[in-house]
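What follows is a set of notes on a single structure, which appears directly below.
Protein chains in written order, with my numbering: chain A, 1 to 428; chain B, 1 to 169.
This is the structure:
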């Protein structure tokens, strides 16, 4: 009964555009009051929910994203990729996917990647003969690979919540599925561009320096993911330390190599990254109250047992979870989904003896699909705003990209090695 | 993700009576503090035998401070993660009502954190609870929560007034 009120109150507030964090907090408080629990559990859960050392990686990786955003790395990456790929049909669209994947290796947030890539490629893609709706679809879908390619905020949250999964291990596990997802969405992009004759119509408008020149310019940006992942790999840094090293590296490039940064920029990006991190962390904090209520009310275990008891078998259960998560993923962000649903999902995974690192990767892939599924997808909202088209117009294109990413997801479900080979290789 | 933080949704900067600069400066200092502490930690580990691992505790508290003050800043500008789909296309009076309700709920939420957080802090002070890492009095850390929640409440009231007067959409 109290459980039903808890979820109903949450859903009503959610649909009424109450900030998600507040909706989680208020629903949790209502449940605490109704169940006659001590109100002291509210501040206790808020504080212990965020006062965790591994979570410090979140503000620091958000800061890395801000720093590299302002150094102008995205533009240089686009120039370099264009210099290699050329400017034929579908070429620039492919470039934007590749660049989104590299930016994904620097930043940890999907909408931020969507904005960074969209701002850089949209104008030249229009000049090159792509319809605006197709550009928005491409950028939105490409940016969804961001939460799979490490660093990823969703992975940090998953590793903090699930015992036995470390941040470096799940970062490594997301690498190949992320790359696979990126290549998978390139397939419909290239086929559509080929048949509809998109792109390759403006040779020369994209200022194209020589490959070598472009490489030298982009090299510093390309090294950023190497600094982040390499530093963690050799055990030199914890994830948080790797992020701070990447900030130092980004500031070095910005001040001394590209000379694009000023002290004013540093202040502004500290504020910007602080606010964005806060918006994520307050969801974590207040969702902890919500999650505590659901677990003390004892409504979690019955749901998990019920789903396992349906007798759908392993693949049937994964298919069911897939549908549920993509649906929920259309409404909620990855962080909230993990905080609300993991208490139910982990017992299910355990009862089938699934590898929890692999499970985290496929859950995140589902959330990534939800990130660019209209009508609520924020990645698309951002790319559509930049391309100045309504979201509905992207549906005929984005549909095929969703199918393609489903293909990538099915592959990772069927061959867990795609995710698990790298962390095993690295000895996590 | 359906709803998520949208970095391109830059609405007009709200005209607040108390300048948002207060939060901004504190957030920038907090973020810089975390980064510098972590950086110093790495340097100390590789260049000297000194371990600064105990400083983790300070970083965590700074993160809590950044989280609550950032919440306050994002609240003043209406930039929190929310599902606007079912509300944003409605008539202006409906949106106004919904926004006011949202602010009311925000005040209730952070009000509960402030009141019971203060009680929690008082308990920790009375029972002289020490922090697990450095053995500092825990109440100093926990106390940041109710104290800064008051800032969030103040911003929520400020925004509610602006919405009421029709200054903020």
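For glycine and all other residues, C-beta sits at the position ideal for the given N, C-alpha and C.
Selection A:230, A:258 and A:247 evaluated against residue 219 of chain A yields A:258 as nearest (Cα-Cα). Out of A:29, A:323, A:327 and A:352, the CA that lies nearest to the CA of residue 309 of chain A is found in A:352.
According to the DSSP assignment, residue 310 of chain A belongs to no alpha helix (DSSP H), since it is labelled neither H nor E. An exposed status is given to residue 48 of chain A, since fewer than 16 other beta-carbon atoms sit within 10 Å of its beta-carbon. Considered as a whole, the segment 134-178 of chain A harbours 153-161 as its complete alpha helix (DSSP H) runs of no fewer than 4 residues, in chain order.
Residue state for residue 347 of chain A is assigned as helix, using DSSP reduced to three classes.
Using a CB distance cut-off of 8 Å, residue 126 of chain A does not count as an interface residue toward chain B. Contact residues of the segment 58-74 of chain B toward chain A are 59, 60, 61, 62, 63, 64, 66, 67, 68, 69, 70, 71, 72, 73 and 74 (C-beta to C-beta distance below 9 Å). A distance below 8 Å between beta-carbons, with the five flanking residues on each side excluded, links residue 265 of chain A to the following residues of its chain, in chain order: 70 and 254.
With contacts defined by Cβ atoms closer than 8 Å, residue 328 of chain A and residue 318 of chain A do not form a contacting pair. The beta carbon of residue 14 of chain A sits closer than 6 Å to the beta carbons of 23 from its chain, once the five residues preceding and following it are set aside; these are given in chain order. Secondary structure at residue 225 of chain A: helix, using DSSP grouped into helix, strand and coil. Identification of chain A residues near residue 56 of chain B by a Cβ-Cβ cut-off of 7 Å yields 53, ordered along the chain.
Taking the Cα positions, residue 76 of chain B is about 18 Å away from residue 114 of chain B. Judged by DSSP in its simplified three-state form, residue 374 of chain A adopts coil rather than helix or strand.
For residue 167 of chain B, there is no enclosing alpha helix (DSSP H), as DSSP gives it neither H nor E.
Rounded to whole angstroms, the Cβ separation of residue 29 of chain A and residue 289 of chain A is 7 Å, and the two are in contact under 8 Å.
The Cβ-Cβ distance between residue 106 of chain A and residue 117 of chain A does not fall below 8 Å.
Across the structure, residue 409 of chain A and residue 314 of chain A are spaced so that their CA atoms are roughly 15 Å apart. For the pair residue 365 of chain A and residue 380 of chain A, the CB atoms are not nearer than the 8 Å cut-off. If you check the CB distance, residue 267 of chain A and residue 28 of chain B come in under 8 Å. At a cut-off of 8 Å between C-beta atoms, residue 333 of chain A counts as an interface residue with respect to chain B.
Boundaries for residue 39 of chain A: no alpha helix (DSSP H) harbours it, and the DSSP string shows neither H nor E there. For residue 303 of chain A, the closest of A:256, A:348 and A:415 by C-alpha to C-alpha distance is A:348. Considering only beta carbons, the part of the segment 356-377 of chain A lying closer than 8 Å to chain B consists of 367, 370, 371, 375, 376 and 377, in chain order. Taken in chain order, the members of the segment 11-33 of chain A whose beta-carbon sits within less than 8 Å of a beta-carbon on chain B are 13, 14, 15, 16, 17, 18, 19, 20, 21, 22, 23, 25, 26 and 29.
Per DSSP, reduced to three states, the secondary structure at residue 137 of chain B is strand.
According to the DSSP assignment, residue 272 of chain A belongs to the alpha helix (DSSP H) that extends over 263-296. Residue environment analysis places residue 217 of chain A among the buried positions, since at least 16 neighbouring C-beta atoms fall within 10 angstroms of its C-beta. Closer than 8 Å to the CB of residue 63 of chain A there is at least one CB belonging to chain B. Between residue 386 of chain A and the set A:346, A:91 and A:113, the nearest pair of CA atoms involves A:113.
Residue-level contact check: residue 157 of chain B does not touch chain A, since none of the beta carbons of chain A fall below 8 Å from its beta carbon. Unbroken alpha helix (DSSP H) stretches of 4 residues or longer found wholly inside the segment 18-62 of chain A: 20-34 and 41-50, given in chain order. Scanning chain B for C-beta atoms nearer than 7 Å to the C-beta of residue 282 of chain A yields 67 and 71, reported in chain order.
Selection A:173, A:241 and A:138 evaluated against residue 95 of chain A yields A:138 as nearest (Cα-Cα). In this structure the segment 368-384 of chain A lies against the segment 392-409 of chain A, because at least three pairs of beta carbons, one per stretch, are closer than 8 Å.
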